[in-house]
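Position 14 (the sequence shown) corresponds to 10 in our numbering; numbering is contiguous.
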Amino acid sequence: MLVSKKEIEIRYAETDQMGVVYHANYLIWMEVGRTKLIQDLGFSYAGMEEEGIISPVIDLEISYKKPLRYGDTAIIHTWIEEYNGMRSVYGYEIFTPSGDLAVQAKSSHVCVQKDTFRPVKFRKLFPEWHEAYEKAKK
């Protein structure tokens, strides 16, 4: 199983009135983690979009464990939790600088045509990606 790692320096604008990272910012960081994982596998999400295919989130699970604050560095671990040729489920763990688990999450995605939102068979359109996902998944 491939686990991609990405560090994010937390900016003041990403915190709320309580001084902790605003909960929705973790979703952005998860996207950063997915993009890094795809790059680590040798592919480009932007390249897939250029071919008219997008991969919307269809389900999301997130559990907040410990706060992160301005000035901290969040460490995002991302992997392919499940993959069946059509649906991809990514797993995430986001850690504090001291190594404590701050967030645990999963997001589910399908590939669709950008113009119609009709689902496509990822394994047929992108056979190299399919093979890489099969090898890298949990």
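For each residue, glycine too, the CB sits at the ideal point set by N, CA and C.
Nearest by alpha-carbon distance to residue i: which of the options is it?
{"i": "Gly48", "options": "Lys131, Lys1, Leu121, Lys133", "result": "Leu121"}
{"i": "Glu130", "options": "Phe39, Arg114, Ile76, Asp55", "result": "Ile76"}
{"i": "Met82", "options": "Pro115, Ile50, His19", "result": "Pro115"}
{"i": "Thr92", "options": "His73, Cys107, Val106", "result": "His73"}
{"i": "Tyr88", "options": "Glu124, Gly29, Tyr79, Glu3", "result": "Gly29"}
{"i": "Val85", "options": "Arg7, Gly43, Gly95, Ala132", "result": "Ala132"}
{"i": "Phe113", "options": "Lys1, Ile50, His126", "result": "Ile50"}
{"i": "Pro52", "options": "Met14, Lys117, Lys110, Lys134", "result": "Lys110"}
{"i": "His126", "options": "Leu37, Asp12, Lys32", "result": "Leu37"}
{"i": "Val(-1)", "options": "Glu57, Thr31, Leu56", "result": "Thr31"}
Just to confirm the assignment, what range does the beta strand (DSSP E) spanning residue i have?
{"i": "Arg83", "result": "83 to 91"}
{"i": "His73", "result": "69 to 79"}
{"i": "Glu3", "result": "0 to 5"}
So the alpha helix (DSSP H) residue i belongs to, where does it begin and stop?
{"i": "His105", "result": "It is not in any alpha helix (DSSP H) - His105 instead sits in the beta strand (DSSP E) that spans 97 to 106."}
{"i": "Glu45", "result": "41 to 46"}
{"i": "Phe34", "result": "Sequence inspection shows Ile at residue 34; the Phe mentioned does not correspond to that position. 21 to 36 is the extent of the alpha helix (DSSP H) around Ile34."}
{"i": "Glu124", "result": "123 to 132"}
Assuming residue i contacts residue j under a Cβ cut-off of 8 Å, what Cβ separation, rounded to an integer in Å, is found between them?
{"i": "Ile71", "j": "Tyr22", "result": "Ile71 to Tyr22, Cβ: 13 Å. No contact."}
{"i": "Ile54", "j": "Val106", "result": "6 Å"}
{"i": "Ile6", "j": "Tyr66", "result": "6 Å"}
{"i": "Met135", "j": "Ser103", "result": "With the chain represented from -3 up to 134, any question about residue 135 goes unanswered, as that position is not in the structure."}
{"i": "Ile24", "j": "Thr69", "result": "At roughly 15 Å, the Cβ-Cβ gap does not stay under 8 Å, so Ile24 and Thr69 are not in contact."}
Identify the residues that DSSP records as bridge partners of residue i: which are they?
{"i": "Asp111", "result": "According to DSSP, which records beta bridges pairwise, Asp111 is partnered with nothing at all."}
{"i": "Tyr60", "result": "Val99"}
{"i": "Val116", "result": "Answer is none; Val116 lacks a bridge partner."}
{"i": "Ile54", "result": "None; Ile54 has no bridge partner."}
Contact between the region 41 to 61 and the region 91 to 104: three or more CB pairs below 8 Å? yes
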